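Contents: one structure, followed by commentary.
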Amino acid sequence: MSDACCAPDAPTAAPETGAAPPAAIWQVPELRLAALSGALLLAGLLSPGLWGTGLELAALLTGAAAFVPGTLRALRRGRLGVGLLMTIAAAGAVALGEYGEAATLAFLFAIAEGLEGHAVARTRHGLRALLDLVPPTARVLLPGGTESEVAVAGLRVGDVLTVRPGERIATDGVVTSGRSALDTSVVTGESVPVEAGPGTDVFAGTVNGAGALEITVTATARDNSLARLVHIVHEAQERKGAGQRLAERFARPLVPGVLVLAALIAAAGSLLDDPGVWIERALVVLVAAAPCAFALSVPVAVVAAIGAASKAGVLIKGGAAVEALGKVKIVALDKTGTLTRNEPAVIDVVPAPGNDRDQVLAVAAALEARSEHPLAAAVLAACPAPEAAGGVEAVPGNGLRGTIGGRPARLGKPGFVDPGPLVSEVTRLQDAGATVVLVEHDGTLLGAVAVRDEIRPAAAEAVARLTRQGVEVVMLTGDNARTAAAIATAAGITDVRAELLPADKARIVTELKARGAVAMVGDGINDAPALATAEAGIAMGVMGSDVAIEAADVALMGEDLRRVPDAIAHTRAARAIFTQNLLLSGGILITLVPLAATGVLGLAAVVAAHELAEVLVIANGIRAGRRTRLPHHAAPHATTRAHDAAALRRPAGRTLLPVTIGATVQNETGRTGGTCGCADGSCRAPAAGESR
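Following my numbering, the numbering of the sequence shown begins with 17 at its first residue and continues without gaps.
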């Protein structure tokens with residue numbers, strides 16, 4: 017570690033596993049050497065004559081063992097580091113007969129090396145420890161129906177795992193049998209359990225709830241989501257931001273520059289005065305100008321901040337992303353899939369005079385049963401077992417037509433089907449942000465069905481928190497202006513840009529940059545141009561998606577929008593911490609060098625001040641992980657209907673939002689917890705095995 021701060025090694029891939037750092041600080045080898053060196057030094061200072069000298073030399077050799085071997089190895093590779101300055105200074109002090117000063121330098125520098133190494137190792141190991149969340153073995157279901165316990169490393173794609181209640185899932189897979197609620201907080205940072213049933217993707221390290229599951233393996237232990245998360249964050253920790261590059265830009269040439277400065281001080285002073293005095297001052301300057309604290313100012317804080325964020329389900333891809341997100345003044349939010357759940361649902365059914373809601377839904381569902389349009393899933397979720405319609409065909413841009421009971425039926429937008437007496441109701445629903453389809457059977461208008469992609473439960477809270485942070489919020493969407501305005505009003509957003517193409521979003525992000533640093537929040541794929549244009553691109557809900565992770569600077573593994581203000585506050589705190597470190601370490605260098613060159617401070621005082629500064633920088637940097645750790649959030653609604661995760665089945669990772677109009681329904685367990693798309697409550701929850 018002695019030279020790592022000034023000439024870091026090339027980035028390497030994250031190991032699959034890593035040796036745990038010492039559990040206690042006194043177990044660190046460098047600190048043990050430092051403790052022994054300190055004891056010998058104290059004994060030497062208290063002993064007379066040759067005994068004292070011998071003990072001081074022993075203290076020097078013991079302390080030097082903590083950094084000299086690494087310094088020599090680095091020197092053979094052509095790298096000049098802080099350890100070299102300390103080694104030369106100690107050797108020079110010995111040459112001048114200042115054995116106590118040399119031993120003091122070795123003792124204090126060994127302490128700094130031990131603390132630095134232990135701090136960085138613990139920060140990095142905290143992320144690698146995520147891999148320990150995967151159980152060492154898993155039960156595989158054999159063809160005969162028996163189970164066999166195998167090592168997780170031996171799992172293959174296609175194996176079927178059995179996971180009992182309360183157990184951790186060993187690797188990524190798809191549920192093939194059983195239903196349960198999963199605790200995904202270790203991966204996504206979201207504290208609300210998510211439902212899992214047949215067809216649900218599940219991820220390594222998540223904890224099974226009360227139900228037994230059978231899971232088909234889709235990724236090996238080396239390639240699962242948790243292993244990828246660790247690998248990506250290790251790579252992210254190597255990506256340098258502007259502040260980190262600034263520190264290294266000064267630190268790298270500083271070591272040879274200090275060697276030249278010390279040589280000039282020794283040579284010039286020797287020509288004018290006693291050579292012994294000026295050589296000693298030159299050695300003190302070597303120690304005073306050591307830039308290790310300066311070079312460590314940013315990396316320690318960045319590593320700590322990234323590690324803490326990753327544990328909360330926020331992947332921040334390096335120091336550059338930490339700096340960019342910490343400077344954000346404007347957040348641009350995509351609508352579909354970001355502010356909304358991208359799960360259209362029936363919010364109202366308005367029958368025409370003389371008809372009832374059941375009839376409207378029955379005809380609509382019969383026509384939609386053979387359609388792949390997103391609205392079809394919403395209608396079928398409200399009426400999951402319709403009568404089959406015959407001869408169904410799509411009328412592009414308008415709707416569907418077919419026959420039910422031998423009589424013609426149509427479903428479509430106003431204009432394709434005449435709204436007749438429902439004109440005012442259609443206008444009301446459209447103003448509320450809903451898409452309205454009219455249903456006609458045998459030439460008679462039956463009614464209207466309103467479908468809306470509901471806003472995420474936490475969206476309004478997230479926008480309010482961003483506003484309190486002084487961040488301006490803008491919505492960018494390709495949807496129509498009416499729908500966009502309704503969603504924006506519900507979320508508390510006043511600046512709305514609607515009916516945009518992907519290129520338009522990128523253009524608007526460029527325009528917004530004139531007012532401050534911009535973060536774009538989207539799905540990481542469709543919004544790629546805008547994500548790339550913004551100072552900080554944030555992809556939401558990308559667990560298991562390599563494409564989305566690579567498309568953004570920051571990736572939210574879950575779908576809780578409150579992670580955006582969390583991440584901004586987190587990175588702002590990290591930027592403040594490493595700015596403090598840069599000012600502190602830079603001020604120490606500027607102060608100590610002239611005092612050392614003029615003889616005001618001796619070697620012991622300079623060593624003590626310099627190493628104290630390094631310890632302070634490291635301790636302050638670690639705060640970026642400990643003091644600003646992202647919180648886990650409670651469910652965004654207090655009522656049972658809103659947060660009962662077992663009430664209705666839904667795709668993994670989604671959070672339920674009750675529709676605003678409709679009756680409560682019960683699932684097969686008999687518990688009330690969701691709402692039906694039918695306002696009269698006639699629809700039932702799907703039985704076991706049915707799709708929603």
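We put the beta carbon where it would ideally sit given N, CA and C, even for glycine. Note that the structure is a prediction, hence the values are computed from the model and not measured.
Exercise. Mind checking Ser326: buried by the 16 CB within 10 Å criterion, or exposed?
Worked result: buried
Exercise. What first and last residue would you give for the beta strand (DSSP E) that runs through Ala533?
Worked result: In the DSSP assignment, Ala533 falls within the beta strand (DSSP E) that extends over Ala533 to Gly538.
Exercise. Excluding five sequence neighbours on each side, which residues of the same chain lie with their C-beta closer than 7 angstroms to the C-beta of Val479?
Worked result: Val489, Ala507, Gly508 and Ile509
For this session: Tell me the start and end of each unbroken beta strand (DSSP E) in the segment 70-107 that is at least 3 residues and wholly inside, in chain order.
Result: If we require 3 residues or more, the segment 70-107 turns out to have no beta strand (DSSP E) run fully inside it.
Exercise. With which residues is Ala1 paired in a DSSP beta bridge?
Worked result: Any question about residue 1 goes unanswered here, given that the chain covers just 17 to 708.
Exercise. Would you call the segment 400-418 and the segment 328-341 touching, i.e. three or more CB-CB distances under 8 angstroms?
Worked result: no
For this session: Could you give the DSSP three-state label for Gly421: helix, strand or coil?
Result: coil
Exercise. Does the count of Cβ pairs from the segment 512-521 and the segment 311-331 closer than 8 angstroms reach three?
Worked result: no
For this session: Check the DSSP bridge columns for Asn11 and list the partner residues they point to.
Result: Only positions 17 to 708 of the chain appear in the structure, and residue 11 is not among them; the question remains open.
Exercise. Under a Cβ-count criterion, where at least 16 other Cβ atoms within 10 Å of its own Cβ denotes burial, should Ser241 be classed as buried or exposed?
Worked result: buried
Problem set entry | Contact under 9 angstroms by Cβ, Leu492 with Asp350 | yes
Exercise. Buried or exposed: where does Asp364 fall if 16 or more other Cβ atoms within 10 Å of its Cβ makes it buried?
Worked result: buried
Problem set entry | For Val318 and Lys333, the rounded distance between their alpha carbons | Lys333 and Val318: Cα-Cα distance of roughly 10 angstroms.
Exercise. Between Ala82 and the rest of its own chain, which residues show a CB-CB distance below 6 angstroms, the 5 nearest in sequence each way excluded?
Worked result: Glu46, Leu49, Ala126 and Glu129
Exercise. What residues in its chain sit with their C-beta under 7 angstroms from that of Pro437, if we drop five residues either side in the sequence?
Worked result: Ala368 and Pro369
For this session: Give the DSSP bridge partners of Gly428, in chain order.
Result: Looking at the DSSP output, Gly428 shares a beta bridge with Gly415 and Leu454.
Problem set entry | Pairwise C-alpha distance: Phe123 and Ala109 | 14 angstroms
Problem set entry | Three-state secondary structure assigned by DSSP to Leu229 | strand
Exercise. What residue range is occupied by the uninterrupted alpha helix (DSSP H) comprising Arg373?
Worked result: Arg373 to Glu384
Exercise. So, using beta-carbon positions, are Lys345 and Gly538 closer together than 9 angstroms?
Worked result: no
Exercise. Buried or exposed: Asn224, going by 16 or more other Cβ atoms within 10 Å of its Cβ?
Worked result: buried
Problem set entry | Selected residue, minimal CA-CA separation from Thr222, among Ala282, Arg238 and Thr200 | Thr200
Problem set entry | Span separating the alpha-carbon of Val303 from that of Thr69 | Val303 and Thr69 have their C-alpha atoms roughly 23 angstroms apart.
For this session: Report the rounded CA-to-CA distance for Thr78 versus Leu605, giving the unit in angstroms.
Result: 27 angstroms
For this session: Check whether the segment 386-400 touches the segment 459-475, counting contact only when three or more Cβ pairs, one atom from each stretch, lie closer than 8 angstroms.
Result: Contact between the segment 386-400 and the segment 459-475 is present, because at least three Cβ pairs lie under 8 angstroms.
Exercise. Between the segment 180-193 and the segment 232-241, are three or more C-beta pairs nearer than 8 angstroms?
Worked result: yes
Exercise. Could you give the distance in angstroms between the alpha-carbon of Val276 and the alpha-carbon of Val301?
Worked result: Going from the Cα of Val276 to the Cα of Val301 covers about 11 angstroms.
Problem set entry | Segment contact flag, the segment 419-435 with the segment 449-456, C-beta cutoff 8 angstroms, min 3 pairs | Judged by Cβ distances under 8 angstroms, the segment 419-435 makes contact with the segment 449-456, as three or more pairs qualify.
For this session: Taking 9 angstroms as the cut-off, decide whether the C-beta atoms of Leu355 and Ile593 are in contact.
Result: no
Problem set entry | Residue span of the beta strand (DSSP E) that contains Gly342, given as start and end | Unbroken run through Gly342 is the alpha helix (DSSP H), Gly335 to Gly342; no beta strand (DSSP E).
Problem set entry | Range covered by the beta strand (DSSP E) that runs through Arg357 | Thr356 to Pro367
Problem set entry | Sequence-distant residues of its chain with Cβ nearer than 6 angstroms to Thr587 (five each side left out) | Val338, Leu341 and Gly342
Exercise. If you run the structure through DSSP and keep just helix, strand and coil, what is Glu183?
Worked result: coil
Problem set entry | From Thr178, Gly407 and Arg155, residue whose alpha carbon lies closest to that of Gly170 | Arg155
Exercise. Is Glu721 helix, strand or coil when you go by DSSP?
Worked result: What the structure shows of the chain is the stretch from 17 to 708, and residue 721 is not part of that stretch, so it cannot be assessed.
Exercise. Is the CB-CB distance between Val191 and Leu229 below 9 angstroms?
Worked result: yes
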